[in-house]
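Residue numbers (the numbering used here): -10 to 698.
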């Protein structure tokens, strides 16, 4: 069961927002399904999102695109249901929702909205009508006469569309027949980072097919509210302004109590991860069942027995090892044979005893002492043959239609597949995951969407297990860190202290890219373990004076002491002080013409500063106030602000050079140099200025929005 936390609403929303029949109906449904507290949280969140979206619509300086960000399998659909109900109560009469890019996802979305809104037939009074691209004849029959009748009866329209060009074109064909001025519509693009975005190489001139249909729909509906919903916004935040889907605002859909995401599985000492031998994939390639897969199957059967004692009748396992379909059939055959052989073996007492001894060993290996104490093997063992008989293997790809019948009647399901086992598909009571698919240079958003073990699993987390390689587990730990950082930035976006186009995605310890290179233009920024030295000087006298005054005020706040760092003769090399990172961040923000240029960038330096508790400020010697003479080129770039060692031979040195003046190599060190600039051998009058060199204590790599090509 999905649950939601109560969110504090800091500001009163507009009193003009009506909580009418649709919202009251959905609220009652949610209370029955999730409980009062959880249902109340959903409606409060939806009201707030709706209210802020209306302010955005009224603001002519903003587009009408809203990015809604949740977590993988965190119950976003319930929030969308309530958001839709509130929109209907407040004058909107049409919802178009993109329900995925295949029939499975479209059917899931259509069925969910139909059930939640209680839609039994088209003519039912007081209920919306629901049309779908899966029912093209009914959709095509919508015309202005029907629209007039629906408006008179105050019946709203829900259209679910597969996110493919042909399907969206069917919707657009209908919209072209309708009087747009009688329609007040909004669009919900579920999984809005997938299939919707422009994949054309020249995005300023060309549009890919699906993106073109979405843009056409927005034009036909006269620029409607467009909610792009995703748990992996890695592409959306890097969309440039030429994209008609570039978000103007972003809102978080917080997961609720009981949600288990990356923090639960991939941080700290998680018992849910069981590392398997990487060579097991080779064994599988050779057509043999690896021991780890065999043991995962034992685990699933045992966990399925235990979850029955917890009051659940169904359970799921997924096996995700290959993208291509051919290996899926091989795995299906192996797993199905294993299941059949177990059933056959346990049909007689002697074989049953042998099998149960094997199950007992697996129980001791994979389940905690707490679980074994609460559910002793002697108590559960008689249920093992019964559950095994109800295990069904389902081939989840286009070749597996014969195995997919009567899915709802199959209590304990093992899914074998690839792409159909990832984005958007929900697996209830997922107890066992066997996951070995990994691309060395894959995409963060795609890999995060494959983590179907995320979800509301707290009640049975003690019996969940993920069988995967150490490398994959470590990479999901990295992904978890990145996701946490991303959510911190989204909180700043919501509060107005950060713009979406200022967001960054860190990429330490991974070869993964944020997203597909054909949908957004991104660039890498590297911060290496050495000095980042200012290259460009300032040659506007007024700007120089302004900047110098800011630096002096900053230095006056600090307490400096002399140091001999970098020297071997105990002579003073510099003066040093500690500073709060926020103090230097303020200086960067106030200064002009410095931190906007390579190798600096205020946004990304602020990110690094935010990871430190204190930094070291180093005032380099300035020739008794006369400044250090440095040569500049015609493009205003300095040759090198750093002074090198006084001798080539290390043993003979008294000074190892400016680069050796580092207080603590595990912290950020910022050198401030008072530079007297020369061009063509002549001093540039009035332009003596402070320049900066920054030592970064560890390698950093970030992805940021790239320039429009």
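Every residue gets a Cβ at the ideal spot worked out from N, C-alpha and C, and that includes glycine.
The model shown is predicted, which means the values in this text are computed figures rather than measured ones.
{"Item": "Should residue 317 go down as buried or exposed, given a rule of 16 or more other Cβ atoms within 10 Å for buried?", "Value": "buried"}
{"Item": "Would you mind stating whether residue 420 and residue 574 have Cβ atoms separated by less than 7 angstroms?", "Value": "no"}
{"Item": "Taking DSSP as the reference, what is the three-state secondary structure of residue 103?", "Value": "helix"}
{"Item": "Quick test of your reading: residue 405 and residue 320, contact by CB under 8 angstroms. State the CB separation rounded to the nearest angstrom.", "Value": "5 angstroms"}
{"Item": "What are the complete alpha helix (DSSP H) segments, minimum 4 residues, inside the region 216 to 278?", "Value": "251 to 254 and 269 to 274"}
{"Item": "Would you mind stating whether residue 436 and residue 525 have Cβ atoms separated by less than 7 angstroms?", "Value": "no"}
{"Item": "If I'm right that residue 468 touches residue 251 with Cβ under 8 angstroms, what's the distance once you round it to whole angstroms?", "Value": "6 angstroms"}
{"Item": "Please classify residue 90 as buried or exposed, where buried requires at least 16 neighbouring CB atoms within 10 angstroms.", "Value": "buried"}
{"Item": "Enumerate in chain order the residues of its own chain whose CB-to-CB distance from residue 340 is below 7 angstroms, with the five nearest sequence positions on each side excluded.", "Value": "334"}
{"Item": "Return the chain-ordered list of same chain residues with a C-beta closer than 8 angstroms to the C-beta of residue 532, the five sequence neighbours on each side being excluded.", "Value": "581 and 582"}
{"Item": "So the candidates are 584, 145, 692 and 142; which of them puts its Cα closest to the Cα of residue 509?", "Value": "692"}
{"Item": "By how many angstroms is the C-alpha of residue 11 removed from the C-alpha of residue 72?", "Value": "10 angstroms"}
{"Item": "Return helix, strand or coil for residue 672, following the three-state DSSP convention.", "Value": "strand"}
{"Item": "In its own chain, which residues sit with a C-beta less than 6 angstroms from the C-beta of residue 558, not counting the 5 before and 5 after it?", "Value": "643"}
{"Item": "Per DSSP, residue 54 is paired with what?", "Value": "215"}
{"Item": "What ranges does the alpha helix (DSSP H) occupy inside the region 23 to 72, keeping only unbroken runs of at least 4 residues that lie completely in it?", "Value": "25 to 47"}
{"Item": "Which residue or residues does DSSP assign as beta-bridge partners of residue 83?", "Value": "146 and 174"}
{"Item": "Beta-carbon within less than 6 angstroms of residue 665's beta-carbon, same chain only, minus the 5 sequence neighbours each way: which residues are those?", "Value": "616, 618 and 677"}
{"Item": "Do you know how far the Cα of residue 506 is from the Cα of residue 304?", "Value": "37 angstroms"}
{"Item": "Could you check the C-alpha separation between residue 205 and residue 383 for me, to the nearest Å?", "Value": "39 angstroms"}
{"Item": "If I'm right that residue 217 touches residue 54 with Cβ under 8 angstroms, what's the distance once you round it to whole angstroms?", "Value": "7 angstroms"}
{"Item": "Measure from the alpha carbon of residue 609 to the alpha carbon of each residue in 631, 414, 474 and 109, then state which is nearest.", "Value": "631"}
{"Item": "Between the beta-carbon of residue 423 and the beta-carbon of residue 308, is there less than 7 angstroms?", "Value": "yes"}
{"Item": "Does the distance from the C-beta atom of residue 255 to that of residue 355 stay below 7 angstroms?", "Value": "no"}
{"Item": "Among the residues of its own chain, which have a CB less than 6 angstroms from the CB of residue 683, if the five just before and after it don't count?", "Value": "521 and 659"}
{"Item": "Verify whether the separation of the beta carbon atoms of residue 265 and residue 458 is less than 7 angstroms.", "Value": "yes"}
{"Item": "With a Cβ-Cβ cutoff of 7 angstroms, do residue 59 and residue 220 count as a contact?", "Value": "yes"}
{"Item": "With burial defined as no fewer than 16 other Cβ atoms inside 10 Å of the residue's Cβ, what is the status of residue 398: buried or exposed?", "Value": "exposed"}
{"Item": "Which same chain residues, not among the five before or five after residue 362, have their C-beta less than 7 angstroms away from its C-beta?", "Value": "none"}
{"Item": "Beta-carbon within less than 7 angstroms of residue 35's beta-carbon, same chain only, minus the 5 sequence neighbours each way: which residues are those?", "Value": "68, 71, 72 and 75"}
{"Item": "Using only the alpha-carbon positions, how far apart do residue 133 and residue 123 sit?", "Value": "22 angstroms"}
{"Item": "Could you tell me if residue 185 is buried or exposed, where buried requires 16 or more neighbouring beta carbons within 10 angstroms of its beta carbon?", "Value": "buried"}
{"Item": "Excluding sequence positions up to five away, which residues of its chain have a Cβ less than 6 angstroms from the Cβ of residue 253?", "Value": "none"}
{"Item": "Do you know how far the Cα of residue 170 is from the Cα of residue 709?", "Value": "What is shown of the chain runs -10 to 698, which leaves residue 709 out entirely."}
{"Item": "Looking at the secondary structure, which residues open and close the alpha helix (DSSP H) in which residue 161 lies?", "Value": "154 to 166"}
{"Item": "Could you tell me the distance, in whole angstroms, from the CA atom of residue 28 to the CA atom of residue 453?", "Value": "27 angstroms"}
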